[in-house]
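Quick note, the sequences are listed as chains A and B, same order.
Residues -1 to 247 (this note's numbering) are what the first sequence spells out, left to right.
Residues -1 to 247 (this note's numbering) are what the second sequence spells out, left to right.
Note that CB positions come from ideal geometry on N, CA and C, so glycine has one too.
Below is one structure; the comments refer to it alone.
2 protein chains.
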Amino acid sequence: MHTTVSHYLDRFIDKIETRDALTPTERAALTGLPQKLVQTAARARIVEEGERPTHCCTVVEGIVYRSKVAASGRRQIISFHVPGDMVDLHTVLFKVADHTIETVRNTTVVLIPHDAILRTAEDHPALARAFWYDTLLDASIQREALLNNGRRDTRARTAHLFCELAVRLKRVGLVNGASFELPLTQTDLADALGVTPIHTNRVMAKLRAEGLIAFGGRSITIFDWKALVAIGEFDTTYLHLEGPSDLHL
Amino acid sequence: MHTTVSHYLDRFIDKIETRDALTPTERAALTGLPQKLVQTAARARIVEEGERPTHCCTVVEGIVYRSKVAASGRRQIISFHVPGDMVDLHTVLFKVADHTIETVRNTTVVLIPHDAILRTAEDHPALARAFWYDTLLDASIQREALLNNGRRDTRARTAHLFCELAVRLKRVGLVNGASFELPLTQTDLADALGVTPIHTNRVMAKLRAEGLIAFGGRSITIFDWKALVAIGEFDTTYLHLEGPSDLHL
DNA sequence: CGCAAGATTGAAGTTTGTCAAGAAAAGTGG
DNA sequence: CCACTTTTCTTGACAAACTTCAATCTTGCG
């Protein structure tokens, strides 16, 4: 367990600071949070549904997702998480995890104890607000996913998901030109979109045949951003990129 | 705008207190929140997607839902809200509403200014935590909806939704025996379940024919709770009924 | 009473799922 | 670096779930 200042949380802190400036004290409180660096294998379970987690998980490198499983065994991926995301900040107030957290490939994450986060929130109202904001944004992304999967066909869903991931990865500097690494299998994508992998494959093949995207080798290239945005009805309002309310107390 | 103590928030406060005891001071801070009582007509829009709300909405009587609309015009209902629910507590930190809030029938709600809520949260860390918890539970319910709509067939989805509403209404004393008022149209239900009203009608008709439920006259009766729970794979873990983490600072 | 909204039913079409098999790519051990 | 194994991707044919269009019936309400 590190207790010295590290930079593993830099992306997370940067994200918070684009929303609301922090004082040096507040920033120090974040960088000083106890951190346990963990390197995982591919398909590692960080938290399992029903467990009682004691730490929050922040992505340093790689992709992490949260999922729930129906009685039939069919899996629904709830959300994907990119570097800088605190994946399960909400577990600080829940006893039992209501979903599983898994890595896609070799991934680096940082674990932070719940009690340290709660103490930080109590000592620094601005940080309490920042944590709260982060979980609210997470919920907003879930609402859009509910609309996406409920009221758009698979073609639009797929386009929407790629647009969202492109924007979120771009914000942390992980998009090169029109390409970004996305080491997900088509089964992963299917489980996020609520369809079968076979169907996902056909829909993606059509997008590729139309020259809109390319994929393979664990990465995605978007050739026609405007077209993909139109197909996916992608509107960034729900990402609340403009930052939080101007209300300062 | 009331500034005297009222009991419109009693159900909300009760809900919070089942999770974590409040001090008299904290309770007073909640009951003393400025409140604007609003009686709405049926199908009234309280907040519209894209607006910049300045108040939070708490349900006093009736049913309220949040929805988003796809470009095709198809509507997705994100969640239903029962008396005692603070529907859009998350808007305190967002500038722009990412969804619409509507009432089903004549409904009573209470509006509370954002700045009052934020000030209360800043002055009372326990209340900041309680507000945070409330929005986290909301997000957990959304995750279950994502699983429900993505990985269960319409029969299971419908059963699950009725089970959830029964539990949530029971917690606020709005279930009589096996029946509860639910003044939703089948189109409302369809928009929540991500299917067409015609299909919803057929699925519900089958549940009725099997003697599991009755509906009509704006209310639902569940004759066979165990069977409905089994069909809907309903497990209350995601409702976090056990209260928040035991961690007290 | 009569209108309007919602519920119900039928028939036909579309999207998506299931089963099955082969091809390509990635990982593994020598 | 190659041969082998496993995973992932891709394609075809068929089945099931769900949608669409259309019409009728019922109910709530002024």
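Task: Below-7 Å beta-carbon distance, N147/B vs any chain A residue - done: yes
Task: G82/B beta carbon less than 7 Å from that of R9/B - done: yes
TODO: Spatial neighbours of N199/B within its chain, please: CB distance less than 6 Å, with the 5 preceding and 5 following residues excluded, ordered by chain position.
DONE: Q184
- [ ] Alpha carbon to alpha carbon, how far is A157/A from E47/B? Give it in angstroms, no decimals.
- [x] 22 Å
Open item on the list: Against A143/A, what residues of chain B qualify as contacts under a CB-to-CB distance less than 8 Å, listed in chain order?
Closed with: L144
TODO: Report the neighbours of R72/B on chain A: residues whose CB is nearer than 7 Å to its CB, in chain order.
DONE: R149
Open item on the list: Could you tell me which whole alpha helix (DSSP H) segments of length 4 or greater appear in the segment 163 to 233 of chain B?
Closed with: 184 to 191, 195 to 207, 223 to 230
Task: 6 Å Cβ shell around P181/B - same chain, five flanking residues per side excluded - done: V102, R103, R216
Open item on the list: Please tell me whether, using a cut-off of 6 Å, the distance from the CB of G175/A to the nearest non-hydrogen atom of the ligand MN is below it.
Closed with: Ligands in the displayed structure: none, and consequently the ligand MN is not present.
Task: Span of the alpha helix (DSSP H) around R10/A - done: According to the sequence as given, residue 10/A is Phe; it is not Arg. 8 to 17 is the span of the alpha helix (DSSP H), which, as asked, contains F10/A.
Task: Neighbour list for Y131/B in chain A, Cβ cutoff strictly below 7 Å - done: L91
Open item on the list: Which residue wins for smallest C-alpha separation from G230/B, given the options V201/B, D136/B, A207/B?
Closed with: V201/B
Open item on the list: Whole angstroms are fine: how far does the CA of L144/A sit from the CA of R17/B?
Closed with: 28 Å
Task: Cβ distance (whole Å) where V94/B is taken to contact V62/B below 8 Å - done: Not confirmed; about 20 Å, so no contact.
Open item on the list: Q37/A and Y6/A - do their beta-carbons sit closer together than 7 Å?
Closed with: no
Task: Nonlocal neighbours in the same chain, by C-beta distance under 6 Å from A124/A, ignoring five residues either side - done: E24
- [ ] Return helix, strand or coil for H0/A, following the three-state DSSP convention.
- [x] Below a pLDDT of 50, predicted positions are generally treated as unreliable, and H0/A, at 44, falls in that range; no measurement from the model is reported.
- [ ] Answer with yes or no whether the minimum CB distance from G171/A to chain B is below 7 Å.
- [x] no
Open item on the list: With a threshold of 7 Å between beta carbons, is Q140/B in contact with chain A?
Closed with: yes
TODO: Drop a sphere of 10 angstroms on the beta-carbon of L135/B, count the other beta-carbons inside from all chains shown, and report buried for 16 or more, exposed for fewer.
DONE: buried
Open item on the list: Distance cutoff 7 Å, beta carbons only. Does K204/A sit that close to anything in chain B?
Closed with: no
Task: Closer than 7 Å at the beta carbon, the chain B residues around P51/A - done: Those do not exist, as P51/A stays about 10 Å from chain B at its closest Cβ, beyond 7 Å.
Task: Residues bridged to K66/B [DSSP beta-bridge criterion] - done: Q74/B
Open item on the list: Could you check whether the Cβ of H197/B sits closer than 7 Å to any Cβ belonging to chain A?
Closed with: no
- [ ] Just the C-alpha distance for R150/A and A154/B, rounded to the nearest angstrom, thanks.
- [x] 21 Å
Task: Interface partners of I76/A on chain B, CB under 8 Å - done: R141, L144, L145
- [ ] Determine the extent of the beta strand (DSSP E) in which E49/A is found, giving its start and end residues.
- [x] That residue, E49/A, is in no beta strand (DSSP E); it is neither H nor E in DSSP.
Task: Rounded separation between H197/B and A188/B - CA only - done: 8 Å
TODO: Would you check if the distance between the CB atom of V90/A and the CB atom of I110/A is smaller than 7 Å?
DONE: no
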